[in-house]
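Participant: Residue numbering for the sequence shown follows full-length UniProt numbering, beginning at 1 and increasing consecutively. Cβ coordinates follow ideal geometry from the N, Cα and C atoms, glycine included.
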Amino acid sequence: MDERVREHARTLIDWSARIEAGDDVVVRVGPDAHDLAVAVAEVLGERGANVVTTYASGELTRAYLRAHEGDFEEDPEYERALLEEADAVLTLGGGRNTAATADVPGRTRQAYDRARQEIRKARLDTKWVLTEHPTRSLAQQAGMSYEAYQEFVYDAINRDWEEQAEKQAKVKGVLDDASEVRIVSGDETDLTLSIEGRVAVNSAASVDYDSHNLPSGEVFTAPKATEGEVVFDVPMTVNGKRVRDVTLRFEDEEVVDYDAAQGEDAITEVLETDDGARRLGELGIGMNRGIDRVTDNILFDEKMGETVHLALGRAYSSNFPEGHEDEANESAVHVDLITDMSEESRIEVDGETIQEDGQFWFEDGFEE
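1. Measuring only the C-alpha atoms, how far is Ala-99 from Arg-18?
2. Check this for me: beta carbons of Thr-339 and Ser-185, under 8 Å apart or not?
3. Leaving out the 5 sequence neighbours to the left and right, which residues in its chain are closer than 7 Å to Pro-134 when beta-carbon positions are compared?
4. So what does Leu-283 bridge to, in DSSP terms?
5. Helix or strand or just coil, what does DSSP make of Asp-233?
6. Can you tell me where the alpha helix (DSSP H) holding Val-294 begins and where it ends?
7. Should the segment 168-179 be called in touch with the segment 115-126, which here means at least 3 C-beta pairs below 8 Å?
8. DSSP state of Ile-19, grouped into three classes?
9. In this structure, does DSSP put Glu-251 in helix, strand or coil?
10. Assuming Ser-179 is part of the beta strand (DSSP E), what are its boundary residues?
11. Can the beta-carbon of Asn-202 be found closer than 8 Å to that of Thr-11?
12. Quick one: what does DSSP say Tyr-202 is sitting in, helix, strand or coil?
13. For Val-43, which residues of its own chain have a beta-carbon under 7 Å away from its beta-carbon, when the five flanking residues on both sides are left out?
14. Could you compute how far the alpha carbon of Gly-197 sits from the alpha carbon of Gly-173?
15. When you compare only the Cα positions, how much space is there between Thr-108 and Leu-60?
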């Protein structure tokens with residue numbers, strides 16, 4: 001086995017999920033993530049954990065949803081019980097077709113998402129971590145050879161996460177003390193968001209940092225009182241459909257108008273899921289410079305240095321002080337959209353510029 005796969009597994013178990021002896025662990029395995037699953041199982045055995053594996057296939061999901069009439073049972077008890085009893089849920093992505101569910105009707109997808117909100121909450125109450133095994137389908141989607149894509153993935157995942165956490169702590173400190181963020185990019189994006197009373201998360205790829213993605217490399221918070229317009233100029237796939245140059249216009253913190261150069265129907269589907277889908281659940285600032293190109297994979301793209309992403313829908317309770325978790329925006333969806341901040345762009349916090357053209361105030365090359 002490629003030693004990089006074993007290192008990925010050790011990083012996932014020890015740094016990200018912090019698995020201990022006796023932990024009950026559910027491992028959700030994508031169709032082409034077999035090698036990573038084997039390495040993870042070996043490390044879990046070494047740590048003395050208990051493990052149950054399930055199969056996570058986009059093609060299987062497509063078959064089920066297209067065949068179903070759409071009247072889904074809410075939060076089936078057998079699945080909910082598994083997650084409620086688990087200490088950790090590890091999702092090892094790696095499918096055969098990145099657009100496997102593209103032809104699932106939007107209403108069916110929305111109904112399924114709404115019917116599983118308590119199951120989703122049960123998973124989020126565990127030490128859950130999502131990661132990705134490099135596959136040929138993902139390499140093809142990224143427009144890269146398989147070998148080059150493997151190098152890209154492991155540069156993003158197998159890195160010095162303690163050093164990364166120290167850099168991100170500087171941005172977290174600024175956001176925790178702030179009231180307002182303004183994002184400006186080119187002539188089209190000018191958006192203000194209140195973050196007063198919120199808690200920023202130093203997302204350094206570990207549950208000890210309230211971080212649940214590997215790779216990670218961002219600082220995120222939960223905005224409110226959103227006003228203005230933003231253009232998401234990083235192309236991506238949403239629910240199996242390609243979207244490009246999405247424009248959202250906000251008034252009184254809700255989307256009041258939108259359009260897209262491509263894939264507008266996918267954005268419509270998201271916004272029509274429920275009332276919370278028209279509000280933002282997340283403001284994230286990408287800081288992982290090991291991710292240096294767009295690959296049409298949100299797990300990596302949203303962490304890329306010199307980007308900002310905003311999520312429509314569900315907010316994370318980790319962004320709220322203890323006792324205020326019920327203030328989090330509720331939705332059955334959480335869909336991230338990304339803006340390139342590398343040129344003619346800036347992030348202002350309470351009127352002070354903390355990033356100019358992708359460079360933070362503590363980095364070489366920063367010129368306010």
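Facilitator: So, from the listed chains and residues:
1. 32 Å
2. yes
3. Tyr-149, Gln-150, Val-153
4. Thr-221, Leu-310
5. coil
6. Where Val-294 is concerned, there is no enclosing alpha helix (DSSP H), given that its DSSP letter is neither H nor E.
7. no
8. coil
9. strand
10. Unbroken run through Ser-179: none, as it is neither H nor E.
11. no
12. Per the sequence shown, the amino acid found at residue 202 is Asn instead of Tyr. If DSSP states are grouped into helix, strand and coil, Asn-202 belongs with the strands.
13. Ala-9, Arg-10, Ile-13
14. 13 Å
15. 15 Å
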